[in-house]
Amino acid sequence: RERTVTILDQKSQEEIKVRAVNVADEVADFLKDREKDLLIATILPATDATYKEFVVKSKNPLWVKKDGKIQKIYEPLYKEMAFVDKSGQERIKVVDGKIANASQLINVSNPAATPLKEDYFTKAKAYGKGDLYISPVKGLYVNKTEFEKGKRFSGIIRMATPVFDQQGFAGVVTLALDVRHLAKFTDNIVPTQSGYVVEAEAASGNYAFMVDNRGFILSHPNDYHIAGQYADGTPVPAITDKTSAESMAQKGEEVLNLNQIGFMDPTLQSIAREAADGRAGMKEYQFAGRKEFVAYAPIKFYSTDYPKPAGFGWVGMNVDVVKFSAYASATAKKIQSEAKSWITTIMTIIIISVILLFLIMAILVRGITRSIEAEIPLEAQEASKFYDDEDDDK
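When we follow the working numbering, the leftmost residue of the sequence shown carries the number 141, and every step to the right adds one.
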């Protein structure tokens, strides 16, 4: 029994690690496709109608809970698409599938003028033709109180690239990727289950998460661990030690940076370092008094803003060790129970088969005997009686 559970634990851990690698590769492929979208956008006619059509047709599925049921719906990949001229003035913009009017167009050369205080114009302007600027996840922070009331993190990844004409730099084309399409790769799965969920529960200790190349959480069942910013654009500080953890928790602000929470368990920092070095692996660590298992794998997407070896970041698959052991034991019991059931079934089939075989043999013997008797002439049967009588007289 102990041996069975131990082997199953090792096998399950390896399976979770393989799944982490597969999910990380899927995320990398997804981001590469978004790069292609931005490059395609640079050759489209810069018109309101063309941009709107591009946004409306660029959709991917999302799992949502609607009317008490889990449904798969198709939502636009991009919250925003815009063409900005060489001075930083927006000339064309589509927001949430709608064409922005003249009063909604702003000059983005000043980050303070943008809703999320972004400096993508200045950065993209400095890039060469075909180079892409890809921002970290940007969005207003969701604290614990807001999260418990049902609010969820709503962020973007800003993608921008310069365009040129015969005179040189002509402006910037931008896309704002809805981060839900990125987060779904980890939000909708549970490491030890094959199906999909709308939201995993962090309290179960059985969930997946995603970390960027700086160590910040960008996808997690508890959105208040996700890096975000205040309304004025100032980043919400991450927890760095026990004191800050207590003070931030009182405010309901618990941003996590895996490079800065070694005070909880040094293993967490070693995990972040190994993932940043482009290595996949698995370790056990302590978090909030619980022993946890995590399998991790790097997201092998590289660009100017996400250089090797760290790339875009990494994917983690977390399992509570105690619950994991219980899961393994339960699975072992299930296997043993199924094996016993199969053995019982097979033995029953064998016994029934033997009984049926004897019955068939008896029927065949009886049938053959009757057939032989039927074929012997009546005279022969009478003669046989006569000879039997003579023998008796002797």
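Quick reminder that beta carbons are idealized off the backbone N, C-alpha and C, glycines included.
So if DSSP puts residue i in a beta bridge, which residue, or which two residues, is it bridged to?
i, result
"Glu215", "Asn200"
"Asn397", "Phe356"
"Pro375", "Gln369"
"Gln426", "Lys431"
"Glu166", "Note: Glu166 sits in no beta bridge, so no partner."
"Phe293", "In the DSSP output, where bridge partners are listed per residue, Phe293 has none listed."
"Val351", "Ile357, Trp454"
"Leu280", "Gln369"
"Phe309", "Phe304"
Look at residue i and residue j and say whether their C-beta atoms are less than 7 Å apart.
i, j, result
"Tyr214", "Pro201", "yes"
"Ile411", "Tyr446", "no"
"Pro449", "Asp417", "yes"
"Pro251", "Asp352", "no"
"Asp363", "Val282", "yes"
"Val338", "Lys212", "no"
"Tyr425", "Glu432", "yes"
"Glu230", "Leu245", "yes"
"Ala378", "Gln409", "no"
"Gly228", "Asn247", "yes"
"Tyr260", "Arg320", "no"
"Phe293", "Ile210", "no"
"Ala181", "Ile439", "no"
"Ile239", "Lys291", "no"
"Glu166", "Phe325", "yes"
"Ala342", "Pro361", "yes"
"Phe427", "Asn397", "no"
"Phe441", "Leu171", "yes"
CA-CA distance, residue i and residue j?
i, j, result
"Leu358", "Ile490", "58 Å"
"Ala186", "Ala222", "9 Å"
"Gly226", "Val303", "Looking at the sequence shown, residue 226 is not Gly but Lys. Going by the C-alpha atoms only, they are around 9 Å apart."
"Glu288", "Phe464", "26 Å"
"Val161", "Lys263", "32 Å"
"Ile296", "Ile483", "56 Å"
"Val462", "Tyr347", "14 Å"
"Phe349", "Ser493", "54 Å"
"Glu478", "Met487", "14 Å"
"Gln153", "Arg430", "18 Å"
"Thr314", "Thr301", "7 Å"
"Gly451", "Arg354", "10 Å"
"Met457", "Thr332", "9 Å"
"Asn328", "Tyr336", "5 Å"
"Val145", "Ile508", "Any reading at Val145 needs caution, since the residue's pLDDT is 40, under 50, leaving its predicted position unreliable; the model's value is listed next. The straight-line gap from Cα to Cα measures roughly 57 Å."
"Val455", "Ala189", "38 Å"
"Leu178", "Gly453", "21 Å"
"Lys284", "Tyr267", "39 Å"
"Val196", "Lys480", "56 Å"
"Arg510", "Leu499", "17 Å"
"Gly421", "Lys157", "7 Å"
"Gly345", "Pro406", "19 Å"
"Ile232", "Asp271", "21 Å"
"Lys174", "Thr485", "This sequence places Arg at residue 174; Lys is not what is there. Whole-angstrom Cα-Cα distance: 54 Å."
"Lys474", "Val459", "20 Å"
"Gln369", "Thr383", "21 Å"
"Val312", "Leu256", "18 Å"
Classify residue i as helix, strand or coil using the three-state DSSP reduction.
i, result
"Glu616", "Here the chain has residues from 141 to 534 only, and residue 616 is not among them."
"Asn247", "strand"
"Gly237", "coil"
"Gln153", "helix"
"Gly228", "coil"
"Tyr273", "strand"
"Met404", "coil"
"Thr301", "strand"
"Val161", "helix"
"Lys257", "coil"
"Asp363", "helix"
"Gly507", "helix"
"Thr314", "strand"
"Tyr442", "coil"
"Val195", "helix"
"Lys172", "helix"
"Lys480", "helix"
"Ser463", "The sequence given here has Lys at residue 463, not Ser. Lys463: helix per DSSP, three-state reduction."
"Ala535", "Absent from the model: residue 535. The displayed extent of the chain is 141 to 534, so no value can be given."
"Lys473", "helix"
"Ala189", "helix"
What are the start and end residues of the beta strand (DSSP E) that includes residue i?
i, result
"Asp327", "Looking at the DSSP string, Asp327 is not in any beta strand (DSSP E); the run it does join, the alpha helix (DSSP H), is 320 to 327."
"Met457", "453 to 460"
"Ile183", "No beta strand (DSSP E) holds Ile183; DSSP gives it neither H nor E."
"Thr262", "Per DSSP, Thr262 belongs to no beta strand (DSSP E); it is in the alpha helix (DSSP H), 260 to 265."
"Thr285", "Looking at the DSSP string, Thr285 is not in any beta strand (DSSP E); the run it does join, the alpha helix (DSSP H), is 284 to 288."
How is the alpha helix (DSSP H) around residue i delimited, first residue to last?
i, result
"Ser387", "382 to 391"
Measuring only between beta-carbons, confirm whether residue i sits less than 7 Å from chain D.
i, result
"Pro201", "The structure shown contains no chain D; it is built from a single protein chain."
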